[in-house]
Structures are given as structure tokens and as C-alpha cells.
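For reference, the structure discussed in these notes is given below.
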Amino acid sequence: SIAWSVLLLPLCVAVFISITSIDLFHPIQWITNSFNDLYTSYVIFCILLLSVVILVINVFNVQFHAVVPSIHCSRLALISKIIHPQQVIHSIAHAVMGMLVAWCAAVMTKGKFLFLSMPCTATTTESAADATLHTCLNEYHLFLLLLGAFMGYSYSLRYLVNNLNYLPFPAIQQYKYLRFRRSLPLLAKHSCVESFYMVRNFCAAYYFFGYIPRTWIMTTMNFRADSNLPLLDTVAGLLDLSLLYHSWLCGLFLLMTWYIAWLLFRIFSTEAHHFPVQPTFAEEADQCLPKILNSNPPPL
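Converting from the sequence shown to our numbering requires adding 1347 to each position, the first position being numbered 1.
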């Protein structure tokens, strides 16, 4: 499942790049530019970095999976589970991984989301001749990074609350490819809706608390604010349709890659096991039902 998650990653990246740079009025140029971007050095680096992220996500899937669902009897029991050190590590790790995915998404989106800093002109006096070049904070890039951390943490909480670590064995066994193909459209629909609600919740949180990370980064890295651009913790800044669209795409890309890894892990972990009653050949005696039942512990 880990190998397939990594192998499907370039396809997800290709779809993401093509959607972010969509241009229906110039389809040939759009397709050509999308293919050219796939072979650039920064996209290849992002694929390698995302492969590491997928490996980490799969490690947590393996470590936290269970065959018995965890039912929380009360809100107090749920809160105690959330603040458990093991769950705190899970949440922090997913927040960091989410920030890395958001950084890759910002780099592949290019444009105004590319860098954390950008050159700007700050006027110290009323005369335009006294304008000097300074390094200003690119709040669009910061917005995507914080969105990735927020979505990673939210994914971790949903992983706990919705029992995503539970592995239900299907009553009717199917081929792995058929199970994956049947579940993929539902997974894409769920990711689209979930990304929309996560972006909405993050925008509300950024409206009230966005000035805190912005001020801290500007103070720490000696950045200035670009007076020509609206602040994103305002209504005018958050109503930027380009920002909302690319934020939703970033969240969709994060959720799809992580949910595909989760789905493949569930499929491969619950695949059919065959134990014949009597061996056909002598070398298959260890795989027969009497041998399996008498072993302690069972090999499953």
C-alpha cells in the first residue's frame, strides 16, 4: 500500500498542476505548460518531499490501526483521548506534514503564492522620489502554510473522532483494484466537501487571530507589510476569489493524497486470506487451517 501511495503521487501532482493553471480559452497552451511544469526541478523536488510525507502518514496508519472500534462514552472521555500524549504527537506530526504539503502546493501554484517574502516599495516620506526597496511579507504564502497546518491538525482529530483507524473486514471479498475504483469517486466527493468546510473554518479563525502569526513572523524576520495589498485578516482580504479557490485546491490536494494512502492501507490490510483444510503439496502444510488454528499466537 505504501508503494502504491507513492507511485500514485505524480499523477495527483499532475492533476493538481493542471487544475491550478486551468485556461479554457487557450487549451493547447494550458496543456503544454502543464506538461512542461512537471519536468521542472522544483516540481520534482516537491514530489520527493511529498513522498516522504506519504511515508510518514503511512507509518502513522500502521501504528494507530485497530480491528476493534473505539467508542467514546462521553465528551470527557473524548477530550481525555485528544490530550493523550500519543494523540498529541499524532496531531502535531500531521500539522507539520500538512504545512509541508501546503508549501509544495504553494510552490507548484506559483504566482503570488510562490515565496514567503517579496520585494516591495516603502515610502518613508510623502515624496515618491524617496521610495526605497524593502523586503515585505507575502501573506498569501503564509496563509497557505497556516491552512496546511490547520487542515493537518483537523485531519488528525477527525481520524480519532470518526474511528478512521478502525479496519472493518468486508463481508464480501473483492479484488483490490475493484475496491479502490469503487471507493475513489466517493473519496473525491468527500474530500471536496471537507476541504470547503475546512477552508471556511480556517478563514473564520484567521479573521480573528491571523494578526498573531503575521506580526510574529514580521518581527522575527524583519519583514514589512506591503501597503499596496489588503491584509488577509480583513473582510476585503478574505473575499479574494483567487485566494479562496487556491486554498480549496490546496486542501483538496492534501486530503486526496492522504485519504488515498489511508484507503490503500485499509484495502491491503483487509485482503482475503485463504487457508485450505488439507494441503495439496507438502510445502503448503504450514498454510493449512489446522496448523493456523493450533498456532499461538495466530499468524494474522
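The C-beta atom is built at its ideal place from N, Cα and C for all residues, glycine as well.
- [ ] Would you list, in sequence order, the uninterrupted alpha helix (DSSP H) runs of no fewer than 4 residues that lie entirely inside the stretch 1560-1592?
- [x] 1582-1585
Task: Best match in M1455, H1373, I1375 for proximity to D1384 [C-alpha to C-alpha] - done: M1455
Open item on the list: Just list the residues that DSSP pairs P1466 with in beta bridges.
Closed with: T1482
TODO: Per DSSP, which residues does A1413 bridge with? Please list them.
DONE: Y1513
Task: Distance between L1601 and A1449 (C-alpha atoms, nearest Å) - done: 8 Å
Task: Assigned exposure category for S1352 - 16 Cβ within 10 Å defines buried - done: buried
Open item on the list: For the alpha helix (DSSP H) containing D1384, name the first residue and the last one.
Closed with: 1374-1385
TODO: Go through its chain and collect everything with a Cβ distance to F1527's Cβ below 8 Å, but skip five positions before and after it.
DONE: L1610, L1611, I1614
Open item on the list: Here's the rule: buried if 16 or more other CB atoms are within 10 angstroms of the residue's CB, otherwise exposed. What is M1603?
Closed with: buried
- [ ] Have a look at W1377 and S1427 and give me their C-alpha separation to the nearest angstrom.
- [x] 50 Å
TODO: Return the first residue and the last residue of the alpha helix (DSSP H) that G1445 is part of.
DONE: 1432-1456
- [ ] Could you pull the start and end residues of the alpha helix (DSSP H) that C1539 belongs to?
- [x] 1523-1556
TODO: Mark T1566 as exposed unless 16 or more other C-beta atoms lie within 10 angstroms of its C-beta, in which case mark it buried.
DONE: exposed
Task: Reduced DSSP category for C1655 - H, G, I as helix; E, B as strand; rest coil - done: With the chain covering only 1348 through 1647, there is no way to say anything about residue 1655.
Task: Residue from I1564, Y1513, C1539, Y1524 whose Cα sits closest to the Cα of V1409 - done: Y1513
TODO: Mind checking which residues open and close the alpha helix (DSSP H) that includes K1428?
DONE: 1422-1429
- [ ] Report buried or exposed for R1561, applying the criterion of at least 16 other Cβ atoms within 10 angstroms of its Cβ.
- [x] buried
- [ ] Pull up the distance between the alpha-carbon of N1509 and that of S1530, whole angstroms please.
- [x] 17 Å
Open item on the list: Helix, strand or coil for L1371? Go by DSSP, reduced to three states.
Closed with: coil
Task: Environment of W1563 [buried if 16+ CB atoms lie within 10 Å] - done: exposed
Task: Rounded Cβ spacing between L1511 and I1429 (contact assumed at less than 8 Å) - done: Not a contact, Cβ separation roughly 15 Å.
Task: N-terminal and C-terminal residue of the alpha helix (DSSP H) that L1354 is part of - done: 1349-1354
Open item on the list: Judging by CA-CA distance, which residue of S1368, L1578, N1575 is the nearest neighbour of K1457?
Closed with: S1368
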